[in-house]
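Have a look at the structure below before the remarks.
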Amino acid sequence: MHRRKVEKDIADLKKLIDQHFVQRKKDEEDLDSLRGRIANRKIVRDQQIQARNQKLKAREAQLALEKDKREAIENRRKAEEEERKKATMAAIQYATSNPKKRLQKKGGNKQEKKKILAARRKNGNIDHLTGPQLAEKAQEFFKHFTEINEDKYNLEITLQKHQYTLKLLRQRVHDLVGRQNKINTRK
1 MHRRKVEKDI
11 ADLKKLIDQH
21 FVQRKKDEED
31 LDSLRGRIAN
41 RKIVRDQQIQ
51 ARNQKLKARE
61 AQLALEKDKR
71 EAIENRRKAE
81 EEERKKATMA
91 AIQYATSNPK
101 KRLQKKGGNK
111 QEKKKILAAR
121 RKNGNIDHLT
131 GPQLAEKAQE
141 FFKHFTEINE
151 DKYNLEITLQ
161 KHQYTLKLLR
171 QRVHDLVGRQ
181 NKINTRK
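Just so we're aligned, residue 1 is where the sequence shown starts under the working numbering, counting upward by one.
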(Lines of atoms letter the chains of each structure in order from A and count residues from 1; the text may use other names and numbers.)
(Lines give C-alpha, C1' and ligand atoms only; values in the text may rest on other atoms or scores of the structure.)
Protein backbone atom coordinates (compact mmCIF):
# COMPACT_ATOMS: atom_id res chain seq x y z
CA MET A 1 0.00 0.00 0.00
CA HIS A 2 2.70 2.25 0.83
CA ARG A 3 4.43 1.42 -2.38
CA ARG A 4 1.34 2.09 -4.43
CA LYS A 5 0.96 5.38 -2.72
CA VAL A 6 4.58 6.28 -3.48
CA GLU A 7 4.15 5.17 -7.09
CA LYS A 8 0.95 7.13 -7.33
CA ASP A 9 2.69 10.16 -5.84
CA ILE A 10 5.59 9.71 -8.28
CA ALA A 11 3.16 9.40 -11.19
CA ASP A 12 1.31 12.51 -10.03
CA LEU A 13 4.62 14.27 -9.62
CA LYS A 14 5.72 13.24 -13.15
CA LYS A 15 2.37 14.39 -14.45
CA LEU A 16 2.77 17.74 -12.66
CA ILE A 17 6.33 18.04 -13.98
CA ASP A 18 5.15 17.30 -17.53
CA GLN A 19 2.30 19.81 -17.13
CA HIS A 20 4.81 22.32 -15.75
CA PHE A 21 7.14 21.91 -18.73
CA VAL A 22 4.23 22.04 -21.19
CA GLN A 23 2.94 25.20 -19.46
CA ARG A 24 6.47 26.63 -19.36
CA LYS A 25 6.95 25.93 -23.07
CA LYS A 26 3.57 27.53 -23.78
CA ASP A 27 4.47 30.54 -21.60
CA GLU A 28 7.82 30.92 -23.36
CA GLU A 29 6.06 30.82 -26.75
CA ASP A 30 3.60 33.43 -25.50
CA LEU A 31 6.50 35.48 -24.14
CA ASP A 32 8.37 35.22 -27.45
CA SER A 33 5.18 36.17 -29.30
CA LEU A 34 4.69 39.10 -26.93
CA ARG A 35 8.31 40.21 -27.39
CA GLY A 36 7.82 40.01 -31.16
CA ARG A 37 4.62 42.08 -30.94
CA ILE A 38 6.39 44.61 -28.71
CA ALA A 39 9.28 44.85 -31.18
CA ASN A 40 6.85 45.21 -34.11
CA ARG A 41 4.84 47.82 -32.22
CA LYS A 42 8.05 49.70 -31.43
CA ILE A 43 9.01 49.69 -35.12
CA VAL A 44 5.52 50.81 -36.18
CA ARG A 45 5.51 53.50 -33.48
CA ASP A 46 8.92 54.79 -34.61
CA GLN A 47 7.66 54.90 -38.19
CA GLN A 48 4.54 56.78 -37.09
CA ILE A 49 6.62 59.29 -35.11
CA GLN A 50 8.96 59.73 -38.06
CA ALA A 51 6.02 60.23 -40.45
CA ARG A 52 4.41 62.74 -38.06
CA ASN A 53 7.70 64.64 -37.74
CA GLN A 54 8.02 64.76 -41.53
CA LYS A 55 4.45 66.05 -41.83
CA LEU A 56 5.14 68.68 -39.17
CA LYS A 57 8.32 69.78 -40.96
CA ALA A 58 6.47 69.93 -44.28
CA ARG A 59 3.64 71.92 -42.70
CA GLU A 60 6.08 74.31 -41.02
CA ALA A 61 7.91 74.76 -44.32
CA GLN A 62 4.59 75.43 -46.09
CA LEU A 63 3.55 77.91 -43.40
CA ALA A 64 6.92 79.64 -43.69
CA LEU A 65 6.50 79.86 -47.47
CA GLU A 66 2.99 81.26 -47.11
CA LYS A 67 4.21 83.76 -44.53
CA ASP A 68 7.06 84.84 -46.81
CA LYS A 69 4.63 85.17 -49.71
CA ARG A 70 2.21 87.25 -47.60
CA GLU A 71 5.08 89.45 -46.41
CA ALA A 72 6.31 89.91 -49.98
CA ILE A 73 2.80 90.86 -51.13
CA GLU A 74 2.41 93.21 -48.16
CA ASN A 75 5.81 94.81 -48.82
CA ARG A 76 4.99 95.22 -52.52
CA ARG A 77 1.62 96.76 -51.64
CA LYS A 78 3.25 99.12 -49.16
CA ALA A 79 5.89 100.09 -51.72
CA GLU A 80 3.19 100.82 -54.32
CA GLU A 81 1.24 102.79 -51.72
CA GLU A 82 4.35 104.79 -50.81
CA GLU A 83 5.05 105.39 -54.49
CA ARG A 84 1.50 106.69 -54.99
CA LYS A 85 1.83 108.90 -51.93
CA LYS A 86 5.16 110.26 -53.17
CA ALA A 87 3.68 110.95 -56.59
CA THR A 88 0.69 112.69 -55.02
CA MET A 89 2.88 114.71 -52.69
CA ALA A 90 5.20 115.61 -55.57
CA ALA A 91 2.22 116.80 -57.59
CA ILE A 92 0.96 118.84 -54.64
CA GLN A 93 4.41 120.27 -53.97
CA TYR A 94 4.88 121.08 -57.64
CA ALA A 95 1.55 122.86 -57.67
CA THR A 96 2.40 124.87 -54.56
CA SER A 97 6.14 125.40 -54.98
CA ASN A 98 8.12 128.13 -56.70
CA PRO A 99 5.54 130.86 -57.22
CA LYS A 100 7.92 132.84 -59.49
CA LYS A 101 7.86 130.10 -62.09
CA ARG A 102 4.09 129.91 -61.89
CA LEU A 103 3.83 133.66 -62.30
CA GLN A 104 6.09 133.46 -65.33
CA LYS A 105 3.93 130.73 -66.78
CA LYS A 106 0.79 132.61 -65.89
CA GLY A 107 2.17 135.88 -67.16
CA GLY A 108 3.86 134.24 -70.10
CA ASN A 109 6.54 135.72 -72.24
CA LYS A 110 5.93 139.44 -72.73
CA GLN A 111 7.50 139.54 -76.16
CA GLU A 112 5.29 136.69 -77.30
CA LYS A 113 2.23 138.55 -76.04
CA LYS A 114 3.30 141.71 -77.85
CA LYS A 115 3.67 139.79 -81.12
CA ILE A 116 0.23 138.24 -80.79
CA LEU A 117 -1.40 141.57 -79.93
CA ALA A 118 0.41 143.29 -82.81
CA ALA A 119 -0.90 140.65 -85.22
CA ARG A 120 -4.44 141.16 -83.97
CA ARG A 121 -4.32 144.94 -83.91
CA LYS A 122 -5.88 146.66 -86.88
CA ASN A 123 -4.45 149.85 -88.16
CA GLY A 124 -6.91 152.62 -87.39
CA ASN A 125 -5.65 155.13 -89.97
CA ILE A 126 -8.90 156.73 -91.19
CA ASP A 127 -7.98 160.39 -91.75
CA HIS A 128 -7.84 160.16 -95.54
CA LEU A 129 -11.00 158.03 -96.00
CA THR A 130 -14.31 159.30 -97.39
CA GLY A 131 -17.90 158.38 -96.32
CA PRO A 132 -18.39 155.00 -98.05
CA GLN A 133 -14.82 153.97 -97.29
CA LEU A 134 -15.37 154.89 -93.63
CA ALA A 135 -18.52 152.73 -93.53
CA GLU A 136 -16.57 149.84 -95.06
CA LYS A 137 -13.72 150.34 -92.57
CA ALA A 138 -16.26 150.47 -89.71
CA GLN A 139 -17.75 147.15 -90.86
CA GLU A 140 -14.24 145.67 -91.06
CA PHE A 141 -13.48 146.85 -87.51
CA PHE A 142 -16.81 145.51 -86.27
CA LYS A 143 -16.15 142.13 -87.88
CA HIS A 144 -12.67 142.03 -86.33
CA PHE A 145 -14.15 143.07 -82.96
CA THR A 146 -16.73 140.24 -83.06
CA GLU A 147 -13.99 137.71 -83.95
CA ILE A 148 -11.92 138.85 -80.98
CA ASN A 149 -14.95 138.65 -78.68
CA GLU A 150 -15.72 135.12 -79.95
CA ASP A 151 -12.13 134.08 -79.26
CA LYS A 152 -12.35 135.66 -75.81
CA TYR A 153 -15.60 133.82 -75.06
CA ASN A 154 -14.17 130.48 -76.25
CA LEU A 155 -11.05 130.96 -74.14
CA GLU A 156 -13.14 131.86 -71.08
CA ILE A 157 -15.21 128.66 -71.53
CA THR A 158 -12.00 126.62 -71.89
CA LEU A 159 -10.60 128.30 -68.77
CA GLN A 160 -13.74 127.44 -66.80
CA LYS A 161 -13.54 123.80 -67.94
CA HIS A 162 -9.88 123.60 -66.93
CA GLN A 163 -10.59 125.20 -63.57
CA TYR A 164 -13.42 122.74 -62.94
CA THR A 165 -11.21 119.78 -63.91
CA LEU A 166 -8.41 121.06 -61.68
CA LYS A 167 -10.80 121.52 -58.77
CA LEU A 168 -12.18 118.00 -59.28
CA LEU A 169 -8.70 116.46 -59.41
CA ARG A 170 -7.60 118.33 -56.29
CA GLN A 171 -10.70 117.04 -54.48
CA ARG A 172 -9.85 113.49 -55.56
CA VAL A 173 -6.30 113.86 -54.27
CA HIS A 174 -7.63 115.23 -51.00
CA ASP A 175 -10.08 112.31 -50.66
CA LEU A 176 -7.38 109.74 -51.46
CA VAL A 177 -4.99 111.21 -48.91
CA GLY A 178 -7.80 111.19 -46.35
CA ARG A 179 -8.58 107.53 -47.08
CA GLN A 180 -4.92 106.59 -46.80
CA ASN A 181 -4.75 108.28 -43.41
CA LYS A 182 -7.84 106.38 -42.24
CA ILE A 183 -6.41 103.07 -43.46
CA ASN A 184 -3.07 103.76 -41.77
CA THR A 185 -4.74 104.69 -38.48
CA ARG A 186 -6.76 101.44 -38.50
CA LYS A 187 -3.61 99.34 -38.71
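Beta carbons are placed, not taken as given, at the ideal position from N, Cα and C, and that holds for glycine.
Own chain residues within Cβ distance below 8 Å of residue i, not counting five before or after
i	result
A91	V173
L155	none
Integer-rounded CB distance, given that residue j should sit under 8 Å from residue i
i	j	result
I148	R120	7 Å
I126	L134	6 Å
L176	T88	7 Å
Short Cβ contact (8 Å threshold) for residue i with residue j
i	j	result
K85	Q180	yes
Closest residue to residue i among the options (Cα-Cα distance)
i	options	result
G124	K114, N109 and F145	F145
Q93	K182, N184 and R170	R170
6 Å Cβ shell around residue i - same chain, five flanking residues per side excluded
i	result
N40	none
Chain-order list of residues whose beta-carbon lies under 7 Å from that of residue i (same chain, five-residue window excluded)
i	result
L166	none
L65	none
Residue i: CB within 7 Å of a non-hydrogen atom of the ligand GTP
i	result
G36	Inclusion of the ligand GTP in the displayed structure is not the case, the ligand content being empty and no account of it being possible.
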